[in-house]
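Peer 1: Pasting a structure below so you can have a look.
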């Protein structure tokens, strides 16, 4: 049983024929706030509770080390046996594991969920509409059709064609355009056609001549097949800066894209672009007039996907149209950090960063890493380490024969890779990220 006792968590597993008094934590749980909770147990009677990634209690009780494995009692969420100790609140993203998670694994889980209090809107497109399942800012998708998402689920992603666009209303200015404004946009995208033309992924800007006071920003795939952000430092033409990323995008591949903005940052550093968990190095592709200026101006312009829109939500100019699959669009009222972006990418990636093939006694950390990876091989078994890119190219080979080895990765570019250990037990493949 895992329950609230007053405003603290109580946890007990496996004390046969006795009332499960259990062990109560010390961290107070607040109402009307999302809280990430993990409880772990093993057959030594080892109980742990974590609250928002922080260890609350760590207790070994030998009286609580058995489970009646033949019991027909159902697992319940929100009550005990349908009739007692009813939970009053919201419960989401329940996960059950057939092992006792380590502290680092709990930290990783929390990183996936820690930003939820700053999530303002989420559009999943799962119900073949553009409804906001978090904030109620329901959008309108024009000429919409739906396609298979990155997980292989039919009709769960928006299919943006040359006639499709989405109007998210003149929203989100209340936390993004004032002097301390911050906002982050996250989405998954698969370009179905790439050509030597601009494609509007996100925009709060009608083209010149389509209405006044409408310019804030354009986030596009440019003719170089790279991501770029154009920031207008005034609501009239002539003052802007264009920042371009480094990665060349290809068609028929799912990408996780994050655009962040923080007006407290200096100059062009107000913006950051992340692609598949890796921050892009932004260069100035063009600038005019005031350049970056003071950041976002509050123009009367709807946020859109796939087209320039006038303030009334109609098409401004039928140019720079997006042709892509678009999914899981989220808006946050903060500047997401690199670690949060990586956690979001890992959580939303069909492969993730979990072990692909598991052999025992191998730990790789940190993940994500920078200039070195530590490999803990508690079996103390000789083996070969290979780091390969997602196209199968071997970038690094190292041999290990000690319990703990450090592999230098300073020559490896930021990105996502597969780390392969080959030893007498077989192969272990882990997905790792360098930033």
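In our numbering, the protein residues as written are -6 to 428.
C-beta atoms are modelled at their ideal positions from N, C-alpha and C, and glycine is treated no differently.
Smallest Cα separation from residue 389: which of 395, 397, 396 and 401?
Peer 2: It is 401.
Peer 1: Give the secondary structure of residue 353 by DSSP, where H, G and I count as helix, E and B as strand, and everything else as coil.
Peer 2: Unreliable positioning characterises residue 353 in this predicted model, as indicated by a pLDDT of 48, which lies under 50. The coordinate reading is nonetheless provided below. Three-state result, residue 353: coil.
Peer 1: Under 8 Å: do the segment 303 to 317 and the segment 147 to 165 share three or more Cβ pairs, one atom per stretch?
Peer 2: Cβ pair count under 8 Å is three or more, so yes.
Peer 1: Measuring straight from C-alpha to C-alpha, what distance separates residue 151 and residue 408?
Peer 2: Taking the straight line from one Cα to the other gives about 27 Å.
Peer 1: Measure the C-alpha to C-alpha separation of residue 350 and residue 91 and round it to an integer number of angstroms.
Peer 2: Residue confidence for residue 350 is low, a pLDDT of 33 falling below 50, so the modelled location carries little weight; the figure read from the coordinates is stated next. Between residue 350 and residue 91, the C-alpha separation is close to 17 Å.
Peer 1: Taking a contact to mean a Cβ-Cβ separation below 7 Å, would you say residue 57 touches residue 6 in this structure?
Peer 2: In this structure, residue 6 lies closer than 7 Å to residue 57 by Cβ.
Peer 1: Determine, using beta carbons only, whether residue 424 and residue 357 come nearer to each other than 7 Å.
Peer 2: No. Outside cutoff.
Peer 1: In this structure, how does DSSP classify residue 338 when only helix, strand and coil are distinguished?
Peer 2: Three-state DSSP puts residue 338 in a helix.
Peer 1: In whole angstroms, what separates the C-alpha of residue 134 from that of residue 37?
Peer 2: Using only the alpha carbons, I get a separation of about 55 Å.
Peer 1: Do you know offhand how far residue 184's Cα is from residue 217's?
Peer 2: If I take the Cα positions, the gap works out to 14 Å.
Peer 1: Kindly indicate the opening and closing residues of the alpha helix (DSSP H) around residue 118.
Peer 2: That residue, residue 118, is in no alpha helix (DSSP H); it is neither H nor E in DSSP.
Peer 1: Alpha carbons only, please: which of 158, 70, 47 and 55 is nearest the one belonging to residue 103?
Peer 2: Ranking the options by Cα distance to residue 103, first place goes to 47.
Peer 1: Have a look at 33, 139, 367 and 74 and flag the residue whose alpha-carbon is nearest the alpha-carbon of residue 95.
Peer 2: It is 33 whose Cα lies nearest to the Cα of residue 95.
Peer 1: Mapping the DSSP letters down to three states, classify residue 68 as helix, strand or coil.
Peer 2: Three-state DSSP puts residue 68 in coil, outside helix and strand.
Peer 1: Which term fits residue 16, buried or exposed, when burial requires 16 or more other beta carbons within 10 angstroms of its beta carbon?
Peer 2: Answer is buried; the Cβ neighbour count reaches 16.
Peer 1: DSSP beta-bridge partners for residue 77?
Peer 2: DSSP output for residue 77 lists 73 as bridge partner(s).
Peer 1: With respect to the beta strand (DSSP E) encompassing residue 169, which residues constitute its N-terminal and C-terminal limits?
Peer 2: That residue, residue 169, is in no beta strand (DSSP E); its alpha helix (DSSP H) goes 166 to 169.
Peer 1: Assign residue 174 to one of two classes, buried (16 or more other C-beta atoms within 10 Å of its C-beta) or exposed (fewer than that).
Peer 2: It counts as buried.
Peer 1: Residue 18 and residue 51 look like a contact to me (Cβ under 8 Å); what is the Cβ gap, rounded to whole Å?
Peer 2: Incorrect: roughly 10 Å between the Cβ atoms, too far for contact.
Peer 1: Judging by CA-CA distance, which residue of 43, 101 and 25 is the nearest neighbour of residue 333?
Peer 2: Checking every option, the nearest Cα to that of residue 333 belongs to 101.
Peer 1: Once DSSP output is grouped into helix, strand and coil, what is the label at residue 150?
Peer 2: Residue state, collapsed to three classes: strand.
Peer 1: What do you get for residue 285, buried or exposed, if any count of 16 or more other CB atoms within 10 angstroms of its CB means buried?
Peer 2: It is buried - the Cβ of residue 285 has at least 16 other Cβ atoms within 10 Å.
Peer 1: Beta-carbon separation of residue 39 and residue 4 under 7 Å?
Peer 2: Not in contact: residue 39 and residue 4 (Cβ atoms no closer than 7 Å).
Peer 1: When burial is assigned at 16 or more other CB atoms within 10 Å of the CB, is residue 190 buried or exposed?
Peer 2: The residue in question, residue 190, is exposed, as its Cβ has fewer than 16 Cβ neighbours within 10 Å.
Peer 1: Of all the options 382, 277, 127 and 157, which has the alpha carbon lying nearest to the alpha carbon of residue 139?
Peer 2: Closest by alpha carbon: 157.
Peer 1: Please check the pair residue 376 and residue 393, which I expect to be a contact at CB under 8 Å, by giving their CB distance rounded to whole angstroms.
Peer 2: About 5 Å; that satisfies the 8 Å criterion.
Peer 1: Check for me: the beta strand (DSSP E) holding residue 376 runs from which residue to which?
Peer 2: Here the beta strand (DSSP E) through residue 376 covers 376 to 381.
Peer 1: Between 65, 193, 62 and 81, which has its C-alpha nearest residue 71's C-alpha?
Peer 2: That would be 81, whose Cα lies nearest to the Cα of residue 71.
Peer 1: With a threshold of 16 other CB atoms inside 10 Å of the CB of residue 273, please say whether the residue is buried or exposed.
Peer 2: Burial call: buried.
Peer 1: Would residue 193 and residue 213 qualify as a contact pair, given that the criterion is a beta-carbon distance under 7 Å?
Peer 2: Yes, these two residues count as a Cβ contact at 7 Å.
Peer 1: Over the uninterrupted beta strand (DSSP E) stretch that includes residue 320, give me the two end residues.
Peer 2: It spans 317 to 325 - the beta strand (DSSP E) in which residue 320 sits, taken as one unbroken run.
Peer 1: So is residue 241 buried or exposed if we call it buried at 16+ other beta carbons inside 10 Å?
Peer 2: Residue 241 comes out exposed.
Peer 1: Please classify residue 297 as buried or exposed, where buried requires at least 16 other C-beta atoms within 10 Å of its C-beta.
Peer 2: Counting Cβ neighbours within 10 Å, residue 297 comes out buried, since at least 16 surround it.
Peer 1: Sorted by chain position, which residues of the same chain lie with C-beta nearer than 7 Å to residue 201's C-beta, five sequence neighbours on each side aside?
Peer 2: Here the set comprises 230.
Peer 1: Considering only DSSP beta bridges, list what residue 41 is partnered with.
Peer 2: In the DSSP output, where bridge partners are listed per residue, residue 41 has 33 and 51.
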